[in-house]
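A.B. asks: Quick one: structure below, then a few questions.
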Amino acid sequence: MLVRWPVPIVVSSGALVPLGVFALMFVAFSGGSKPSVLAAAALLGGVGGIVSLIVHELGHVSVARKLSGVTPEKVSVMCLGAAAHLDVLPVLGRRQRGAGQHGGDPAAVKSGSVPRGGGAP
Ligand SMILES: [Zn+2]
Numbered sequence: 028m029l030v031r032w033p034v035p036i037v038v039s040s041g042a043l044v045p046l047g048v049f050a051l052m053f054v055a056f057s058g059g060s061k062p063s064v065l066a067a068a069a070l071l072g073g074v075g076g077i078v079s080l081i082v083h084e085l086g087h088v089s090v091a092r093k094l095s096g097v098t099p100e101k102v103s104v105m106c107l108g109a110a111a112h113l114d115v116l117p118v119l120g121r122r123q124r125g126a127g128q129h130g131g132d133p134a135a136v137k138s139g140s141v142p143r144g145g146g147a148p
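Here the sequence shown stands for residues 28 to 148, numbered as in the working numbering.
This is how it looks when you write it as structure tokens:
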């Protein structure tokens, strides 16, 4: 089966930061004391946390693909979390690029004059 990603997913070395934070959170709340339980919690939290960030950003990409004038470019995982990079064709007709954040995640929306949140939750 051929799996075709809608956009490239770029994982930088900075992704170790959220991976470590997720791993530590899972260890802290695991309630376990055996090393094997703590290691499993760290692995589940670290990897699962990064996967959940990517899935979240792919949701932004999915919505962006339905909007006219918005082209999803990539999803990146970095030290602050993850971001969906979108190329937005502003209403004025000039192709502009920018970056921004919203909510608790650093979703980078490259925008010109199109207001943020105008389609991506
Ligand atoms: Zn988001």
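All C-beta atoms, glycine included, are put in the ideal place defined by N, C-alpha and C.
Under the rule that 16 or more other beta-carbon atoms within 10 Å means buried, what is L80, buried or exposed?
C.D. replies: By the neighbour-count rule (16 or more Cβ atoms within 10 Å), L80 is buried.
A.B. asks: In chain order, what are the residue ranges of uninterrupted alpha helix (DSSP H) at least 4 long that sit wholly in the stretch 41-124?
C.D. replies: For the stretch 41-124, whole alpha helix (DSSP H) runs of length 4 or above, ordered along the chain, are 43-55, 62-92.
A.B. asks: For H87, verify whether its CB is less than 7 Å away from any heavy atom of ligand 1.
C.D. replies: Within the cutoff, so yes.
A.B. asks: According to DSSP, is V37 part of a helix, a strand, or is it coil?
C.D. replies: Three-state result, V37: strand.
A.B. asks: Please find out if some non-hydrogen atom of ligand 1 comes closer than 7 Å to the beta-carbon of H112.
C.D. replies: No, since every heavy atom of ligand 1 falls outside the 7 Å radius drawn around the Cβ of H112.
A.B. asks: Note down the Cα distance separating R92 from S60, rounded to an integer number of angstroms.
C.D. replies: Cα to Cα, R92 sits roughly 46 Å from S60.
A.B. asks: Thinking C-alpha only, which one of V90, S95, L85 is nearest V34?
C.D. replies: Among V90, S95, L85, the Cα nearest to that of V34 is on L85.
A.B. asks: By a C-beta neighbour count over all protein chains shown, 10 Å radius and 16 as the cutoff for buried, is V104 buried or exposed?
C.D. replies: Looking at its Cβ environment, which holds 16 or more other Cβ atoms inside 10 Å, V104 is buried.
A.B. asks: Select from L107, L116, L71, V115 the residue whose C-alpha is nearest the C-alpha of G41.
C.D. replies: Among L107, L116, L71, V115, the Cα nearest to that of G41 is on L107.
A.B. asks: For G131, which residues from the same chain have a beta carbon less than 6 Å from its beta carbon, with the 5 sequence-adjacent residues on both sides left out?
C.D. replies: In this predicted model, G131 has a pLDDT of only 43, less than 50, meaning its place in the structure is not dependable; the value taken from the coordinates is given anyway. Taken in chain order, the list of residues that qualify is empty.
A.B. asks: Give the straight-line distance between the Cα atoms of P62 and V74, rounded to the nearest whole angstrom.
C.D. replies: When rounded, the distance between both Cα atoms is 18 Å.
A.B. asks: Below 7 Å CB to CB, which residues in the same chain sit around E100 once its five sequence neighbours on both sides are set aside?
C.D. replies: Correct list, in chain order: V34, H112, L113, D114.
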